[in-house]
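Structure record follows, encoded as structure tokens.
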Amino acid sequence: DGGITQSPKYLFRKEGQNVTLSCEQNLNHDAMYWYRQDPGQGLRLIYYSQIVNDFQKGDIAEGYSVSREKKESFPLTVTSAQKNPTAFYLCASIGEGQGNYGYTFGSGTRLTVV
Amino acid sequence: DAKTTQPPSMDCAEGRAANLPCNHSTISGNEYVYWYRQIHSQGPQYIIHGLKNNETNEMASLIITEDRKSSTLILPHATLRDTAVYYCIVRGRLGQTGANNLFFGTGTRLTVIP
């Protein structure tokens, strides 16, 4: 079945470390997105990419970086510049299917700073 | 993109219909209404979307008022597994806006009671 795979499911980071969250999709979707969710909050957009080798900052891009070298992959790096990285991170993609213009989401990565 | 207003929480008895309202009074003519739900610690799941007409699929029905300023998501026979946060979102059709991203507010926390 097609879908989005995020890994790892749980990730622990020490202060000052960079960590990379993986997001892979086999849906042949062009556009991919990274969201951050804090407890009791909605989703906030970090970065998005509408095509390979191109990406744009979302609302809270500071302290994060991304790459889009392949259509299937959109990894997110949480850098040491991100002062409050503990959160639930969601990757999504969107493609123009038969009448469904909705997102497909991964199952998320929960990042904790220790 | 138009913003939405949803009640923060609702309860529904198991087996009964759950009717989740959403106000989107600033919706423009080319904006769709989307509904997603998020079960705890999972990625949001697409439920349904519509433009003007009422829509029904295997998960739910979407009723959009004639003036399009509000809508209602109906889960016809709620089960305990329907307990989740439900998000109502409005946005233009894929490709008509720059970011194609969806704004997720805090949604409605639906609790299905045995």
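Residue numbers (my numbering), protein chains in the order written: chain C, -7 to 106; chain W, 949 to 1062. Even glycine gets a Cβ: it sits at the ideal position worked out from N, Cα and C.
Within its own chain, the residues whose Cβ lies closer than 7 Å to the Cβ of D959/W, once the five positions on either side in sequence are excluded, are T1059 and I1061, listed in chain order.
Annotation: G1053/W is outside any beta strand (DSSP E) and is labelled neither H nor E by DSSP.
Linking G(-6)/C to E1014/W through their CA atoms gives a straight-line distance of about 36 Å. Listed along the chain, the chain C residues whose CB falls inside 9 Å of the CB of G998/W amount to none; the nearest CB is some 11 Å away.
Unbroken beta strand (DSSP E) stretches of 3 residues or longer found wholly inside the segment 38 to 94 of chain C: 46 to 49, 56 to 58, 68 to 70 and 79 to 86, given in chain order. Residue-level contact check: T1054/W touches chain C, since one or more beta carbons of chain C fall below 8 Å from its beta carbon. Inter-residue distance for K62/C and N45/C is about 8 Å (C-alpha atoms, whole angstroms).
Along the segment 978 to 1034 of chain W, the beta strand (DSSP E) occurs as fully enclosed runs of 3 or more residues at 979 to 986, 993 to 998, 1009 to 1012 and 1018 to 1023, listed in sequence order. Sequence-distant partners of K1017/W (beyond 5 residues in either direction) whose C-beta falls short of 6 Å from its own C-beta, in its chain, are S973. Cβ atoms of S85/C and Q17/C come within 8 Å of each other, at about 5 Å.
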